[in-house]
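Trainee: Chains as they are written, first to last, in my numbering: chain A, 1 to 284; chain B, 285 to 586; chain C, 587 to 653. Even for Gly, the Cβ is constructed at its ideal location relative to N, Cα and C. Fair warning: this is a prediction, and the values are worked out from it, not measured in the lab. The structure is given below, and queries will be raised subsequently.
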Amino acid sequence: MIVRDRFGLGWRPKLALGILSNLDRIDVVEVIADDYFRAPHRERRALRTLSAQTPVTLHGVTLGLASSVPVEVKRLDQIARLCADVGPVSWSEHLAFVRGGGIEIGHLAAPPRCAATIDGAIANLRRARAIAGIAPQVENVATLIDPPGSDRDEATWVSEIIRNSDSHLLLDLHNLHANALNFNFDPLDFISRMPAERISAVHLAGGKWIGRHEAPRLLDDHLHDVPDPVYDLLEEVAARTPQALTVIIERDGKFPPIESLLDQLDRARAAVARGRQRARVLAA
Amino acid sequence: MNPFDFSGPQFLLFYVIFAGLVIGGVVFWRRRAELSAAPPRVDLSDPYLIAYLRAGEKEVLRVATIALIDRGLLVRDGRQIRRAEHAAPDAVHRPIEKALLKKYTRSGEVSWIFEDDGLSKVCESYKHTLRRARLLPDESVNQARLVRLVVACFVLTGVGFTKVLLALEAGRTNVGFLIILMIVAIVIAVKVSFPRLTENGKAMLEDVKSLYGGLQDRATLQSPGGASVEPMMVAAVFGVGALTGPAFLSANELFPEARNRSTSNSCGSGDGGCGSSCSSGSSCGSSCGSSCGGGCGGCGGG
Amino acid sequence: MNESRLESFLAKIYVDENARAKFLADPRGEAVKAGLTPQQIEDVVKIDRDGLELLAESLKRKKQGGR
């Protein structure tokens, strides 16, 4: 069986020319949905034109799906309308909470890993699917803080949400890598505990070390190249997943020349190919 | 109430409103017919295709000339240009660039680019591509436009001449204003019936400006020297005049008429504005602090 | 309901410098004031302080437009 994995980049205005000039090496682009919720019609139509040139996937950052609090319908309506306008191949969001008590956190925070947030996430995903028409892929987030109020580890929490909902997992390998280093667990164990058949997409990114010299933490800042261990994790994921993967490199700033990003994409292709080959050898 | 019973001045007013509605109807009808829901697939990385879409053959020639000068393949001396000694037509890939390098084997006026049949022929391929994509009108589109115009003219002249005849029958000969109005209405109807781009073409051009909006913001940062293709794309999408800064003074001096047009076509006027995707500070409502189109700055972890 | 109180509490101490300072000075007191359950109170008292400071700093930088 031929598995058609796809490899792409996050769409950023500064990368527009590089991306559009290299569509022979880019299979898909990922657009930040929230940048277009209040955009004028002509900008949303431009996204539709983009989706005619290459497959587009939408990536949301403000729903706050993994919360015990229901996501507001108006927020789900926004993503539903954007999906209708753009015609993406998929959409995704994060297993995070972004607001509480009327306060906007301004970032994707890891919620307490407990039954209430699992139930909340599952209910929100059901609601999201009903309003948007398709269930989002959901992404594991990086966290600098071990969220208080947690009674289970991250792998248990994520896998319980995936197994009990319609959603597939967008496995962010740099987030996993960062969390594993920061909180001392084995990322391979995490991967092995995910339902492999529900991993549809992968994010790759880079980060930097911050904090005290004696206790630094890895920050997932999307401003650096993808580090070697993340490619190793990608190979592992490819070895375990039978279905096609969509692999996206996220870069939000300090942009290198497009050729460098394309080389990283090629490296990702090679890692997936090695993983697939390993799986074939084991199966034979 | 029969408008043909109106007095002269009353009928003139009526005819102005009536002609406005007819012309508006032609525009509405044309736009509906020419705008399709699904945008076509075209090579948005080809600056010459985009330049042709925006402003036709002459713009392709201007952008190509500036690109070759920027890359040191054409050398400028006042308003004369010639091929650089090290530059061979084989060194470039795009047909228009090859043709330009062949033309300027010896020094010549820059204005010759607009007078050369060979260069014009090379530009035809862009026209054909855009026609196939229905971004420029093809024969069937032009035929449909003609039908709409004929119907409009029939209606405009029918109503106008009916009143003229009635007036003449009643012994009134002051029909000059009405005839002038009819001519003006028909001229306007002709103009609005045959815009250069189809509605899809106009939409595509706006979309290209939106998708490449980030480039325009960086126009003043771009350096000459051919290391980056960004200046060429800026010129293609936004016009030669968008290449601002002293580094591109040469480009603007060569084509001052294009520079003036580029300025007047920038955001807010002309053919659809810039619509840069978020770079101009339009919606960036992400509470996660994502900068315009700048991603989420890290998925969690602060 | 209990969980949403915890999320609100966390959002506040992540984002609000004064609230965070008060919390770090008297975590139990502030958690009780916020109406958290006994288990939640015990959990926040043992909060990952290094992580909290790093997260808060990072959020502040983001708000200021830096990364």
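1) Quick check: what's the CA-CA separation for Val601(C) versus Glu30(A)?
2) Alpha carbon to alpha carbon, how far is Ile32(A) from Pro88(A)?
3) Bridge partners of Trp91(A), per DSSP?
4) Can you tell which of Leu47(A), Pro55(A), Phe37(A), Asp34(A) has the C-alpha that lies nearest to the C-alpha of Arg25(A)?
5) Going by DSSP, which residues form a beta bridge with His203(A)?
6) Which residue wins for smallest C-alpha separation from Glu639(C), given the options Arg217(A), Val141(A), Ala271(A), Pro70(A)?
7) Since I believe Leu419(B) is in contact with Leu337(B) (beta carbons under 8 Å), could you give me their beta-carbon distance rounded to a whole number of angstroms?
8) Have a look at Ala597(C) and Ser200(A) and give me their C-alpha separation to the nearest angstrom.
9) Leaving out five residues before and five after His177(A) in sequence, what residues of the same chain have Cβ atoms less than 7 Å from its Cβ?
10) Going along the chain, which unbroken runs of the beta strand (DSSP E) with 3 or more residues stay wholly within the stretch 11-69 of chain A?
11) Using a Cβ-Cβ distance cut-off of 8 Å, determine whether Lys649(C) contacts chain A.
12) Among residues of its own chain, excluding the 5 on either side of Val517(B), which ones have a beta-carbon nearer than 7 Å to its beta-carbon?
13) Under the DSSP definition of a beta bridge, which residues are partnered with Ile191(A)?
14) What did DSSP end up calling Val344(B) once you bin it into helix, strand or coil?
15) Would you list the residues sitting across from Trp396(B) in a DSSP beta bridge?
16) Can you tell me the Cα-Cα spacing of Ala487(B) and Pro136(A), whole angstroms?
17) Between Ala116(A) and Pro147(A), how many whole angstroms is the CB-CB distance? I'm expecting something under 8 Å.
18) So Glu235(A) and Arg274(A) are supposed to be a Cβ contact under 8 Å. How far apart are they, rounded?
19) Residues of chain A with CB closer than 8 Å to the CB of Met285(B), please, in chain order.
20) With respect to the beta strand (DSSP E) encompassing Arg606(C), which residues constitute its N-terminal and C-terminal limits?
21) Would you call the stretch 64-74 of chain A and the stretch 32-46 of chain A in contact, with 3 or more CB pairs under 8 Å?
22) Output needed in chain order: residues of the stretch 80-113 of chain A with a Cβ under 7 Å from some Cβ in chain C.
23) Got a sec: is the Cβ-Cβ distance from Thr49(A) to anything in chain B below 8 Å?
24) Quick check on Leu65(A) - is its C-beta less than 8 Å from some C-beta in chain C?
25) Could you check what DSSP says for Arg378(B) in three-state terms: helix, strand or coil?
26) Give, in chain order, every residue of the stretch 598-609 of chain C whose Cβ lies closer than 8 Å to some Cβ of chain A.
27) What do you reckon, are the CB atoms on Trp157(A) and Ile105(A) nearer than 8 Å?
28) Please classify Arg346(B): is it buried, with 16 or more other beta-carbons within 10 angstroms of its beta-carbon, or exposed?
29) By a C-beta neighbour count over all protein chains shown, 10 Å radius and 16 as the cutoff for buried, is Cys558(B) buried or exposed?
30) I need the straight-line Cα distance from Lys14(A) to Lys649(C), nearest angstrom please.
31) Please list, in chain order, the chain B residues whose beta carbon lies closer than 9 Å to that of Arg25(A).
32) What separation, rounded to the nearest whole angstrom, lies between the Cα atoms of Arg12(A) and Arg198(A)?
33) Compare the Cα-Cα distances from Gln53(A) to each of Leu449(B), Asp327(B), Lys447(B), Gly292(B) and report the closest residue.
34) Taking a cut of 8 Å between CB atoms, which residues from the stretch 626-639 of chain C lie near chain A?
35) Between the alpha carbons of Val226(A) and Ile258(A), how many angstroms are there, rounded?
36) Which residues, in chain order, does the stretch 471-500 of chain B contribute to contact with chain A at a C-beta distance below 7 Å?
Mentor: Looking at the atomic coordinates:
1) About 29 Å.
2) For Ile32(A) and Pro88(A), the distance between alpha carbons rounds to 12 Å.
3) Beta-bridge partners of Trp91(A) (DSSP): Leu58(A).
4) Measuring from the Cα of Arg25(A), the nearest candidate turns out to be Pro55(A).
5) In the DSSP secondary-structure assignment, His203(A) is bridged to Asp172(A), Ile248(A).
6) When the alpha-carbon of Glu639(C) is set against those of Arg217(A), Val141(A), Ala271(A), Pro70(A), the nearest one is in Arg217(A).
7) The Cβ separation is near 6 Å, so the contact holds.
8) Roughly 31 Å separates the two Cα atoms.
9) Excluding residues within five positions, the ones whose Cβ falls inside 7 Å are Pro187, Pro229, Val230, Leu233.
10) You should have 28-32, 56-59.
11) Flagged as an interface residue toward chain A: Lys649(C), by a C-beta distance shorter than 8 Å.
12) The amino acid occupying residue 517(B) in the given sequence is Met; Val does not appear at that position. For Met517(B), where only same-chain residues beyond five positions count, the Cβ hits under 7 Å are Pro331, Tyr496, Leu499.
13) Within the DSSP bridge table, the entry for Ile191(A) names no partner.
14) In this structure, Val344(B) counts as helix in the three-state DSSP scheme.
15) Answer is none; Trp396(B) lacks a bridge partner.
16) Approximately 30 Å between the Cα atoms of the pair.
17) Contact between Ala116(A) and Pro147(A) is absent: CB atoms are separated by about 12 Å, not below the 8 Å threshold.
18) Cβ-Cβ separation between Glu235(A) and Arg274(A): approximately 5 Å, consistent with a contact (criterion under 8 Å).
19) For Met285(B), there are no neighbours in chain A by C-beta distance under 8 Å, as the nearest C-beta there is about 40 Å away.
20) No beta strand (DSSP E) holds Arg606(C); the alpha helix (DSSP H) holding it covers 603-611.
21) The stretch 64-74 of chain A, when compared against the stretch 32-46 of chain A, does not touch it at the 8 Å Cβ threshold.
22) Cβ contacts with chain C: Phe97, Arg99, Gly100, Gly101, Ile103, Ile105, Gly106, His107, Ala109, Pro111, Pro112.
23) Look at Thr49(A): its C-beta is under 8 Å from a C-beta on chain B.
24) No - not a single Cβ of chain C is within 8 Å of the one on Leu65(A).
25) Coil.
26) For the stretch 598-609 of chain C, the set of residues with a beta-carbon nearer than 8 Å to any beta-carbon of chain A comprises Lys598, Tyr600, Val601, Asp602, in chain order.
27) Going by C-beta atoms, Trp157(A) is not nearer than 8 Å to Ile105(A).
28) Burial call: buried.
29) Confidence at Cys558(B) is low in this model, with a pLDDT of 34, below 50, so its placement is unreliable and no value can be given for it.
30) For the pair Lys14(A) and Lys649(C), the Cα-to-Cα distance works out to about 21 Å.
31) Going along chain B, no residue has its Cβ under 9 Å from Arg25(A), so there is no contact; the nearest lies around 12 Å.
32) Take the alpha-carbon of Arg12(A) and the one of Arg198(A): they are about 28 Å apart.
33) Nearest C-alpha to Gln53(A) among Leu449(B), Asp327(B), Lys447(B), Gly292(B): Asp327(B).
34) For the stretch 626-639 of chain C, residues whose beta-carbon sits nearer than 8 Å to a beta-carbon of chain A comprise Gln626, Asp629, Val630, Lys632, Ile633, Asp634, Asp636, Gly637, Leu638.
35) When rounded, the distance between both Cα atoms is 14 Å.
36) Residues passing the 7 Å Cβ filter: Ala487, Met488, Glu490, Asp491, Ser494, Leu495, Tyr496, Gly497, Gly498, Leu499.
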